[in-house]
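Some notes on the structure that comes next.
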Amino acid sequence: MMHSIVPPYLLQKIADADDTRMARASASARRALLARDSIQDARLLSTEKPPASRRESDSGEPGARQSAVGTSPGGGSRHSSEAAPAPTLDRTVYTARNTEQLPGSKVRSEGEAPSSDVTVDEAYDGLGATYRLYDEAFGRNSIDGRGLPLLATVHYGQDYDNAYWDGERMVFGDGDGEVFGRFTASVSVIGHELSHGVTQFTAALDYQGQSGALNESYSDVMGALVEQYQRQQTAGEASWLIGEGLFTPAVQGTALRSMIAPGTAYDDDVLGRDPQPADMANYVETTDDNGGVHLNSGIPNRAFALAAIEIGGFAWESAGQVWYDTITGTLAPDADFVAFADATIAAATARFGADSAKTKAVRAGWVKVGVLEDGAAS
Amino acid sequence: MEQPAERSGPVVAVTVVRSGGFAGLKRTWEATAEDQSSAKDWLGFADSLPWGRVPSQDATSADRFVYRIVIVVRSEVRHEATLPESELTGGWRELVDRVQQQADAPGGSEPHCQA
Ligand SMILES: [Zn+2]
Numbered sequence: 003m004m005h006s007i008v009p010p011y012l013l014q015k016i017a018d019a020d021d022t023r024m025a026r027a028s029a030s031a032r033r034a035l036l037a038r039d040s041i042q043d044a045r046l047l048s049t050e051k052p053p054a055s056r057r058e059s060d061s062g063e064p065g066a067r068q069s070a071v072g073t074s075p076g077g078g079s080r081h082s083s084e085a086a087p088a089p090t091l092d093r094t095v096y097t098a099r100n101t102e103q104l105p106g107s108k109v110r111s112e113g114e115a116p117s118s119d120v121t122v123d124e125a126y127d128g129l130g131a132t133y134r135l136y137d138e139a140f141g142r143n144s145i146d147g148r149g150l151p152l153l154a155t156v157h158y159g160q161d162y163d164n165a166y167w168d169g170e171r172m173v174f175g176d177g178d179g180e181v182f183g184r185f186t187a188s189v190s191v192i193g194h195e196l197s198h199g200v201t202q203f204t205a206a207l208d209y210q211g212q213s214g215a216l217n218e219s220y221s222d223v224m225g226a227l228v229e230q231y232q233r234q235q236t237a238g239e240a241s242w243l244i245g246e247g248l249f250t251p252a253v254q255g256t257a258l259r260s261m262i263a264p265g266t267a268y269d270d271d272v273l274g275r276d277p278q279p280a281d282m283a284n285y286v287e288t289t290d291d292n293g294g295v296h297l298n299s300g301i302p303n304r305a306f307a308l309a310a311i312e313i314g315g316f317a318w319e320s321a322g323q324v325w326y327d328t329i330t331g332t333l334a335p336d337a338d339f340v341a342f343a344d345a346t347i348a349a350a351t352a353r354f355g356a357d358s359a360k361t362k363a364v365r366a367g368w369v370k371v372g373v374l375e376d377g378a379a380s
Numbered sequence: 008m009e010q011p012a013e014r015s016g017p018v019v020a021v022t023v024v025r026s027g028g029f030a031g032l033k034r035t036w037e038a039t040a041e042d043q044s045s046a047k048d049w050l051g052f053a054d055s056l057p058w059g060r061v062p063s064q065d066a067t068s069a070d071r072f073v074y075r076i077v078i079v080v081r082s083e084v085r086h087e088a089t090l091p092e093s094e095l096t097g098g099w100r101e102l103v104d105r106v107q108q109q110a111d112a113p114g115g116s117e118p119h120c121q122a
């Protein structure tokens with residue numbers, strides 16, 4: 003039996019909230035409380051600065067030291083004056099045995115035969131597929147550019163509905179079995195998580211607001227490209243879905259996100275509709291989820307997919323290369339959408355020329371989603 | 008329309024909102040205490056937590072959950088905090104577990120996801 007706990011002043015607050023998602027939910031007492039908090043926190047956040055750089059790794063591994071902001075772009079593998087180490091793929095998969103203890107016990111190391119556990123093998127194969135994209139398409143030796151060993155822990159927690167990057171490793175839950183199945187089931191998720199590592203070692207985008215949404219979007223872009231590279235799909239053939247097959251058959255939805263059509267990945271009686279905006283007109287202001295980093299990422303995601311499809315062919319050879327050049331370039335950690343868009347146009351210009359069809363397609367993508375204005379100089 | 012509650016409402020309402028995660032799905036759980044003794048029980052536990060003294064951001068990870076906890080006593084907000092999943096340990100974890108257990112139990116408030 004539900005009881006309403008909404009005092010009238012809270013209902014007034016929610017009427018004032020400019021979070022359109024919140025406004026739609028205004029009948030709910032609990033959501034009213036949230037909207038009120040969101041407004042308060044938005045004020046606080048505008049005067050507080052999140053930590054600018056991430057802590058250094060204490061793992062003691064030589065390759066695990068995280069780059070500070072402003073260190074050499076590209077992670078050093080192609081730009082270093084020292085001889086670059088030969089590319090080395092070094093994977094280790096652990097199991098947490100449904101506890102939350104990390105790293106758990108080692109179950110498969112590099113070169114070992116497949117295990118009897120599909121989750122372990124999906125993680126191992128996904129690490130390899132991600133390594134291959136970065137190595138073969140972009141010439142990057144692992145996530146730090148220096149052959150950092152790739153680590154994954156599977157079977158984390160009980161009914162754990164998530165996959166995350168903890169700063170040193172990927173961690174995968176098995177899902178609750180009702181809404182989500184296991185999170186290793188889509189290679190796009192594995193590529194996404196490892197790409198958080200790439201961002202950590204390069205642009206180090208703050209995980210908050212627009213820079214956080216760009217951090218998320220870069221991971222989605224590379225997650226999609228890992229899958230496309232594995233399947234040798236052109237931009238026109240690709241699904242542009244993130245996390246396809248993660249939902250159980252009980253959920254009305256094909257994937258967690260759609261890069262080409264944000265907001266359409268699912269529409270379910272229990273989960274509701276995919277809340278991602280497809281353009282700046284629908285940008286979501288919220289303090290949940292570090293400022294909606296998993297929502298507003300839909301906007302740069304679509305800019306990328308539009309550019310890649312317009313250019314045609316394999317996306318990792320064109321738009322993907324531009325996005326990789328951007329994240330390994332001179333981007334500021336607090337870059338917003340416009341700064342990132344300008345940086346992609348500069349990167350496209352440097353690689354393909356200002357008047358190339360590729361550079362024009364990149365610009366057109368950002369215009370279409372409302373980040374840049376038509377004809378705006380970069 | 009829901010009726011704004013006054014004296015007829017619960018004495019204490021504890022709301023947990025989980026946002027973020029890879030999927031970015033928001034989910035809410037709520038537990039309520041309808042009588043003085045269970046209200047005292049909830050508040051005795053809740054008041055002992057270090058409200059206002061937890062970092063609201065986790066600077067090293069990505070795709071982890073974010074928890075917002077709000078405790079309302081007779082329609083007045085008594086406590087509120089936002090915690091990254093990495094800080095959800097000890098008493099905080101116990102509080103969230105208790106709310107989720109009560110909300111998921113038969114007769115508890117319907118857990119719901121909010122897209
Ligand atoms: Zn992510």
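Protein chains in written order, with the numbering used here: chain P, 3 to 380; chain V, 8 to 122.
Ideal Cβ placement from N, Cα and C applies to all residues, glycine included.
Remember, it's a predicted structure, so these values are computed and weren't measured experimentally.
Contacts of residue i in chain V (Cβ-Cβ under 8 Å)
i	result
P/Ala165	Phe29, Asp70
P/Asn143	Near P/Asn143 there are no residues of chain V at all, since even the closest Cβ is about 22 Å away, more than 8 Å.
Test item: CB-CB of residue i and residue j under 8 Å
i	j	result
V/Val61	V/Glu94	yes
V/Ala20	V/Arg105	no
V/Trp69	P/His198	Rather than Trp, the amino acid found at residue 69 of chain V in this sequence is Ala. Going by C-beta atoms, V/Ala69 is nearer than 8 Å to P/His198.
P/Trp325	P/Val223	yes
P/Val152	P/Leu129	Going by the sequence as given, residue 152 of chain P is Leu instead of Val. Yes, the Cβ-Cβ distance between P/Leu152 and P/Leu129 is below 8 Å.
P/Ala329	P/Tyr220	Looking at the sequence provided, one finds Ile at residue 329 of chain P rather than Ala. Yes. Within cutoff.
P/Met261	P/Gly372	no
P/Tyr126	P/Arg110	yes
P/Gly193	P/Glu229	yes
P/Glu112	P/Asp92	yes
P/Gly149	P/Asp163	no
P/Ala345	P/Val295	no
P/Trp368	P/Ala352	no
P/Ala257	P/Gly245	yes
P/Ala337	P/Leu207	yes
P/Ala165	P/Gly179	no
P/Val340	P/Ala350	no
Reduced DSSP secondary structure (H/G/I, E/B, other) of residue i
i	result
V/Trp58	coil
P/Val272	coil
V/Arg81	coil
P/Arg259	strand
V/Pro91	strand
P/Ile244	strand
V/Ile76	strand
V/Glu37	strand
P/Ala17	For P/Ala17, the predicted model reports a pLDDT of 33, less than 50, meaning its position is unreliable and no value from the coordinates is stated.
P/Phe354	helix
P/Ala154	strand
Partner residues on chain P for residue i, Cβ-Cβ distance less than 7 Å
i	result
V/Ser44	Neighbours of V/Ser44 on chain P: none; closest Cβ ~18 Å, over 7 Å.
V/Ser26	Asp290, Asp291
V/Leu32	Leu273
V/Val18	Those within 7 Å of V/Val18 in chain P number zero; the least Cβ separation is about 10 Å.
Classification of residue i by the beta-carbon crowding that lies within 10 angstroms, buried from 16 upward
i	result
V/Ser55	exposed
V/Glu92	buried
V/Gly42	Correcting the residue identity first, residue 42 of chain V is Asp in this sequence and not Gly. Its Cβ having fewer than 16 others within 10 Å, V/Asp42 is exposed.
V/Ser26	buried
V/Arg71	buried
V/Pro2	No statement about residue 2 of chain V is possible, as the shown extent of chain V runs from 8 to 122 and does not include it.
P/Val120	exposed
P/Thr201	buried
P/Gln210	buried
P/Ser118	exposed
P/Thr204	buried
P/Glu375	exposed
V/Ser44	exposed
P/Gly169	buried
P/Glu218	buried
Chain V contact residues for residue i, given Cβ-Cβ distances below 7 Å
i	result
P/Asp336	Within 7 Å Cβ-Cβ: nothing; P/Asp336 doesn't reach chain V, min ~14 Å.
P/Gly183	Within chain V, no residue comes near P/Gly183; the closest Cβ sits about 12 Å away, beyond 7 Å.
Chain V contact residues for residue i, given Cβ-Cβ distances below 9 Å
i	result
P/His296	Ser26, Gly27, Gly28, Phe29, Ala30, Gly31, Leu32, Asp70
P/Leu258	Phe29, Ala30, Gly31, Leu32
P/Glu195	Phe29, Ala69, Asp70
Contact set between residue i and chain P, taken where Cβ atoms lie within less than 8 Å
i	result
V/Val21	Within chain P, no residue comes near V/Val21; the closest Cβ sits about 10 Å away, beyond 8 Å.
V/Val73	Asp290, Asp291, Asn292
For the pair the stretch 155–164 of chain P and the stretch 94–110 of chain P, tell me if three or more CB-CB distances fall below 8 Å. yes
Count the C-beta pairs between the stretch 74–90 of chain V and the stretch 292–305 of chain P that are closer than 8 Å, then say yes if the count reaches three, no if not. no
Three or more C-beta pairs closer than 8 Å, one from the stretch 250–257 of chain P and one from the stretch 176–196 of chain P: is that the case here? yes
For the 8 Å Cβ check, are there 3 or more pairs between the stretch 269–287 of chain P and the stretch 315–330 of chain P? no
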